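Chemist: Could you have a look at this structure, given as structure tokens, before my questions?
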Amino acid sequence: MSNATIIVPTSSASSAMASLEQTVALPRVDGHGQKFIVHFDDIKFGRLTFELTSPIELTLERVEGGWTCHETRLSLFGFGKTNVDAVLSVFEDFAVLWEEIAQAPDDALSDDAIRLKQLIHSQVKSLTVS
Numbered sequence: 069m070s071n072a073t074i075i076v077p078t079s080s081a082s083s084a085m086a087s088l089e090q091t092v093a094l095p096r097v098d099g100h101g102q103k104f105i106v107h108f109d110d111i112k113f114g115r116l117t118f119e120l121t122s123p124i125e126l127t128l129e130r131v132e133g134g135w136t137c138h139e140t141r142l143s144l145f146g147f148g149k150t151n152v153d154a155v156l157s158v159f160e161d162f163a164v165l166w167e168e169i170a171q172a173p174d175d176a177l178s179d180d181a182i183r184l185k186q187l188i189h190s191q192v193k194s195l196t197v198s
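Remember, the numbering used here sits 68 above the position in the sequence shown when you count from 1.
Have a look at this one:
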């Protein structure tokens, strides 16, 4: 398991730094490339740091034209020219889910969205704004 962290500065996502340590290679899925699983103990996006109750597992795959990244339980998906860009896209999606779903009142959400909200809250141990 990795202690990888990606930090996305509020000023420029393109200058983000990443450490994708101890990735585990999976069998090749198709002719395009490699597939990896990475784990993150926390998610940092802009000024937000989400400390997770357990590491989030993301699947990174090299595809024609770049990289995809996804997490199935929360239905997160990202694409980027680099593996870092793809992970950053998923981290941004997570932050948007937090703002739009996890913070919304239940009466403004569908039953599916309420279940997603509960899942998101169960994954976040703490949130820090810097």
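The beta carbon of each residue, even a glycine, is placed where N, CA and C say it ideally should be. Nothing here was measured: the structure is a model prediction, and the numbers come from that model.
Going by alpha carbons, who is nearest to His189 out of Glu119, Lys112, Lys103?
Modeler: Nearest C-alpha to His189: Glu119.
Chemist: Please give the ranges of any alpha helix (DSSP H) in the segment 105-148, keeping only runs that are unbroken, at least 4 residues long and fully inside the region.
Modeler: Those alpha helix (DSSP H) runs which fall completely within the segment 105-148 and span 4+ residues do not exist here.
Chemist: Can you tell me the Cα-Cα spacing of Thr150 and Glu160, whole angstroms?
Modeler: If I take the Cα positions, the gap works out to 15 Å.
Chemist: What's the C-alpha gap between Arg141 and Val152?
Modeler: Distance between the alpha carbons of Arg141 and Val152 is about 21 Å.
Chemist: Could you pull the DSSP bridge partners for Ser194 from this structure?
Modeler: Partner(s): Glu119.
Chemist: Cutting at 6 Å between CB atoms, please list the residues of its own chain near Asp179, excluding the five before and the five after it.
Modeler: Nothing listed; no residue qualifies.
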